[in-house]
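Engineer: Take this structure, written in structure tokens, and hold onto it; I'll ask about it next.
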Amino acid sequence: MANAKTHVGVAAGVGIASYVLYCTYNQRKFDFGEALLAVGACVLGGVAPDGLEPALNPWHRSLGHSVSAGAVSAGAVARSWTASGSGPGSNFLLLFFALGYFTHLVLDAGTPRGLPLLM
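The following block contains the structure:
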């Protein structure tokens, strides 16, 4: 089972890699401050499912750890990815938060317990 340290590390890596892709896709110059915001939002998203449903036992996974939550997260990423703006705003932060949330679910899906469909 992935622990908090693993979720944070993977979310941080996905956050920085995705920010570089975001800059390339939107033809933006890499900005260290924006990169920190992106990684921070991704890490927050990466620990959010366990904040909503603390991992007090192996059966803690419900709606916040479900395939449905993953679909909503993926939809938020898809909608936010193409939204362009002059700087980081709500769509920017939502994009990286949702990416982090999705990484958490992907890591948890690889465990023997997996993810529930709804609850």
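Counting in our numbering, the sequence shown runs from 123 upward without gaps.
We treat Cβ as the ideally placed atom computed from N, Cα and C, and that holds for glycine.
Note that the structure is predicted; figures quoted are calculated from it, not measured.
#1: Between Ala124 and Gly168, what straight-line distance do the alpha-carbon atoms span, to the nearest angstrom?
#2: If you drop the 5 nearest sequence neighbours on each side, which residues of the same chain put their C-beta closer than 6 Å to that of Cys145?
#3: Does the distance from the C-beta atom of Gly222 to that of Ala163 stay below 9 Å?
#4: Just to confirm, is the Cβ distance from Val115 to Thr225 under 9 Å?
#5: Checking 9 Å against the spacing of the C-beta atoms, do Leu217 and Val189 come in under that value?
#6: Can you tell which of Asp172, Leu159, Tyr147 has its C-alpha closest to the C-alpha of Asp230?
Structural biologist: Straight from the coordinates:
#1: 11 Å
#2: Phe152
#3: yes
#4: Since the displayed the chain opens at 123 and closes at 241, residue 115 lies outside it and no answer follows.
#5: no
#6: Asp172
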